[in-house]
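Okay, so the sequence shown: first residue is 201 according to our numbering, each after it adds one. Cβ coordinates follow ideal geometry from the N, Cα and C atoms, glycine included. Note that the structure is predicted; figures quoted are calculated from it, not measured. This report concerns only the one structure given below.
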Amino acid sequence: MSAEVVGDKPLSGGASGVLCALISVALFAFFASFLPQITAGETVRLAWDWVPSLGIALSFLIDGLSLTFALLISGIGALVFLYANTYLAGYLHFDRFMMFLMSFMLAMLGLALADNLIALFVFWELTTITS
């Protein structure tokens, strides 16, 4: 099965663009599911042991401000992926570009949701590397 072609460019970038857009939409829906809790004044903390011997956990805090940013990042990310899927159709390194774009979006989400200074630093550096 081949993509429809206009001139020498296909009309869609491929499965990676659609997959990235679907992941972004799924993240948006996941974060939107916290809206009732957050609007009721609660905060949500998700944590996993990262370096247990040093007592360091990878933790994320979802409050009103971080939820707003998470919804913005994932929602705009979905739109960017859909646009890039069409605009960059036929680009030789499209899949690699989508990987970097998704990595940047996830690093931005980590930065907006980080609950401790170590995670904040790690995600800040990941945004630098991926941008």
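### Pair within 9 Å by beta-carbon distance, Leu313 and Ser266
yes
### Message
Comparing C-alpha positions only, which one of Gly290, Gly214, Phe323 sits nearest to Phe304?
### Response
Phe323
### Message
Measuring only the C-alpha atoms, how far is Leu292 from Asn285?
### Response
13 Å
### Segment limits, alpha helix (DSSP H) that includes Phe228
215 to 232
### Query
Phe260 to Leu246, Cα distance in whole Å?
5 Å
### Task
Use the C-beta contact count for Phe228: other C-beta atoms within 10 angstroms, 16 or more gives buried, fewer gives exposed.
buried
### Query
According to DSSP, which residues form a beta bridge with Asp249?
Ala257
### Query
Nearest to Met299 by alpha carbon, out of Leu320, Gly277, Glu325, Leu317?
Gly277
### Query
DSSP three-state call for Ala175: helix, strand or coil?
The requested residue 175 does not occur in the structure, where the chain is confined to residues 201 to 331.
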